[in-house]
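All remarks here apply to the structure that follows.
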C-alpha cells in the first residue's frame, strides 16, 4: 500500500474518531433544552461531558491538519470552497466552547439560559454543517480546470447533502442520549432513557436511508460499483438497527457501542465511496481531485508517517486515561459523597 | 532582510550600532534619521556574535533579491517593522524590570503595602500581550512581500475561490465576535475582582467542576 492511500485511510480514521467521540457530546449539548428539569440537572449534563469534550475536538483538528499536510490541494479546495460553511462551523465552535467556561460564572437565570442555548445551538449546528460538507465531497461540487471550487455557497445544498446534515444531527442526538443514560443516575437518567427511546427509530431510519442514498450517489456521481462501499454500509445499517433495538431493551451500553460502530461505518462508507477521488467535480467529472493529484510529495508523507506512528499511540493512551478517570455516574438524588472527594484530588484544568 | 528592516539599516555596515530610538530614516529617499540614540557595535554583536561583524543593508539585499527573483520591490515596510521590534523588546525589558522591582519589594516585605506598585502590576498585565502582538507584527510584516521566502509571494497566495468581499465579511465577523467576547470577559473579571464580593459559591455542592 502506498503512502497516499495510507494517509487517505488515516484521515478517514480521524473523521470517524471525531464523529464518534465529539458526536456524543454534541448529542448531550442538543438535549440540554429538553432533558433536564432544573438548573442542577443542566449542570450535571454539562459536567458529564465537561472533562472530555475538548479532547474530542482535537480529532477534528488532526483531521484538518492531516488533510492540510498530506493532501494540500484537497485542503485548499475544500476549505476555501466551503468558506462560508466553515465560517459557520467556527462560529458554532467558539460560542460552544465559551458556553462551557462561562455558564457557571454567574448565577443569574437569564445568563445560564443564554449559554445553555448557545451550547445546544452549537452542538446541533456543527454536525449539521459537517454532514452537508462531507456529503458534498461525494455528491460533487463545481471545480474548474485548476481544481478550484468555482461554485457558490448555495451550490452546497441539495436534497442529499441536507439529508446528510439532518442524519448527522439525529445520530449524534441518539448517541448522546445513550451516553447520558450511562453517565447519570436517578431521575435524570430516567429522562435521558426516554429521550433515547424517542430518538432511536428516527436516528436509525435516517442513518440507514442516508447510507443507501450514499451508495446510489457513489454509483451515479463517482462512477463506483456497488461493491466495496456496500460492505461498510451494510455493517453500519445493521449497527443502527441493533442500536435502536438495544435502546428499547434497555441495554444502553451496547446501544452506545452500536451507534459508535454505525458512525464509524458511515464515515467508512463515505470514504470508500469517494476513493480514489477526494473531491468529486460535478458537472465536469474530469476535474475531480484524486488521492494522487491532491497529495504532497513522497518525502513529506514519509516524514508525517513516522511522526504519526510515534505520537498517535501516546494521544490515544492519554485520552483513554481521561475517560477512565472521569468514568463514574453523576447527579443522582444522593450527593455523590463517596465519589466527590476522589474527584477533588484530580488536578484542575 | 528582516534584520535589516527591523533595524532600518539601509546600507551594509561594519561594525553596526544598535538604534534604540530614532526619528526619520524609514524610507529609501530619507535613509538617515534626523535624531537617533544608538549603542555602538551592539547590532554587530546581536546579528553575528562578533562586535565587529558585518550586517547587510536593505539596499544591498534588495539588489541581491532582484537579481535572484527578478524585478520587484523586496523590502518590507521598514517603519512598521522597526517599531514592532522596539515595542516588543522594550515591553520585554519593562516586564523584567517590573518583576525585579516586585521581587525586591517582596524581599524587603513591602509588597503588600506598596499600592503604587500594585497599580503598576495591574497595568503590567497588558505588557505580555503588547509584546506578543508586536512580535507577530514583526515576523509577519518583516516577511513581506513573501509569504514563503523565495517561493511564494503573498499576492499570489490567496484562494481563487474566496472573494475579497468575503474576506472582509469574515474578518469583520471575527473582530465583532472577539470584541463582544472580550468585553464580556472583562466585565466578568471585574465582577470577580470586586472588593468585598464573596467568593463565588458552587451552586451544586455535590458535584465539583474539575475541567
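Chains as they are written, first to last, in the numbering used here: chain A, 589 to 937; chain B, 4 to 214. Glycine residues also receive a C-beta, built at the ideal position from the N, C-alpha and C atoms. In this text, all values refer to a predicted model and were calculated from it rather than measured experimentally.
Whole-number beta carbon distance between residue 700 of chain A and residue 627 of chain A, since they are thought to touch under 8 Å: Indeed they touch by this definition, with Cβ atoms about 6 Å apart.
Please list, in chain order, all residues of the same chain as residue 888 of chain A whose beta carbon is under 8 Å from its beta carbon, the five residues on each side excluded. The residues 657, 658, in chain order, have a CB closer than 8 Å to that of residue 888 of chain A in the same chain once the five nearest residues on each side in sequence are set aside.
Does DSSP put residue 746 of chain A in a helix, a strand or coil? It is coil, neither helix nor strand.
Smallest Cα separation from residue 879 of chain A: which of A/891, A/893, A/864, A/895? Closest option to residue 879 of chain A, judged by alpha-carbon separation, among A/891, A/893, A/864, A/895: A/864.
DSSP state of residue 732 of chain A, grouped into three classes? Here residue 732 of chain A sits in coil by DSSP.
Should residue 938 of chain A and residue 710 of chain A be called a contact, given that it needs their Cβ atoms to be closer than 8 Å? In this structure chain A extends from 589 to 937, so residue 938 of chain A is not present and cannot be described.
Out of B/75, B/123, B/113, which one is the CA nearest neighbour of residue 97 of chain B? Nearest in C-alpha terms to residue 97 of chain B, of all of B/75, B/123, B/113, is B/123.
Use the C-beta contact count for residue 925 of chain A: other C-beta atoms within 10 angstroms, 16 or more gives buried, fewer gives exposed. Below a pLDDT of 50, predicted positions are generally treated as unreliable, and residue 925 of chain A, at 38, falls in that range; the measurement from the model is reported next regardless. Classification for residue 925 of chain A: exposed.
Flag residue 135 of chain B as yes when its Cβ comes closer than 7 Å to any non-hydrogen atom of the ligand ATP, and as no otherwise. The model depicted lacks the ligand ATP and carries no ligand whatsoever.
Identified DSSP bridge partners for residue 877 of chain A: Paired residues: A/867.
Assuming contact is defined by CB atoms lying nearer than 8 Å, are residue 764 of chain A and residue 717 of chain A in contact in what I supplied? Contact check for residue 764 of chain A against residue 717 of chain A fails: the beta carbons are separated by 8 Å or more.
From the beta carbon of residue 165 of chain B, is the nearest beta carbon of chain A less than 8 Å away? With 8 Å as the cut-off, residue 165 of chain B counts as an interface residue toward chain A.
Closer than 9 Å, Cβ to any Cβ of chain B: which residues of the region 647-679 of chain A, in chain order? So the close ones are 664, 665, 667, 668, 669, 671, 672, 675, 678, 679.
Could you tell me which chain E residues have their CB closer than 8 Å to the CB of residue 189 of chain B, listed as they occur along the chain? Among the chains of the structure shown, chain E does not appear; the protein chains present are A and B.
For residue 191 of chain B, the first and last residue of its enclosing alpha helix (DSSP H): Unbroken alpha helix (DSSP H) run through residue 191 of chain B: 167-196.
Can you find a CB in chain B that lies within less than 8 Å of the CB of residue 682 of chain A? Closer than 8 Å: yes.
For residue 647 of chain A, does the three-state DSSP call read helix, strand or coil? Secondary structure at residue 647 of chain A: helix, using DSSP grouped into helix, strand and coil.
Bridge partners for residue 58 of chain B per DSSP, in chain order? Residue pairing from DSSP places residue 58 of chain B in a beta bridge opposite B/16.
Residues near residue 137 of chain B by beta carbon distance below 6 Å, same chain, minus five either side: Apart from the 5 residues on each side of it in sequence, residue 137 of chain B sits with its Cβ closer than 6 Å to the Cβ of 87, 90, 91 in its chain, given in chain order.
Distance check for residue 636 of chain A and residue 937 of chain A, CA to CA, integer angstroms please. Legend: pLDDT at residue 937 of chain A = 40, less than 50; position of this residue unreliable, no value from coordinates given.
CB-CB length for residue 634 of chain A against residue 691 of chain A, believed under 8 Å: Taking a contact as a CB-CB distance under 8 Å, the pair residue 634 of chain A and residue 691 of chain A counts as one, their CB atoms being some 7 Å apart.
I need the DSSP call for residue 21 of chain B, collapsed to helix, strand or coil. Residue 21 of chain B falls in the strand class under three-state DSSP.
For residue 178 of chain B, count the other beta carbons within 10 Å of its own beta carbon; 16 or more makes it buried, fewer makes it exposed. Which is it? Taking every protein chain shown into account, the CB of residue 178 of chain B has fewer than 16 other CB atoms within 10 angstroms, so this residue is exposed.
Keeping to the same chain, check which residues put their C-beta closer than 6 Å to that of residue 23 of chain B; ignore five residues upstream and five downstream. Here the set comprises 40.
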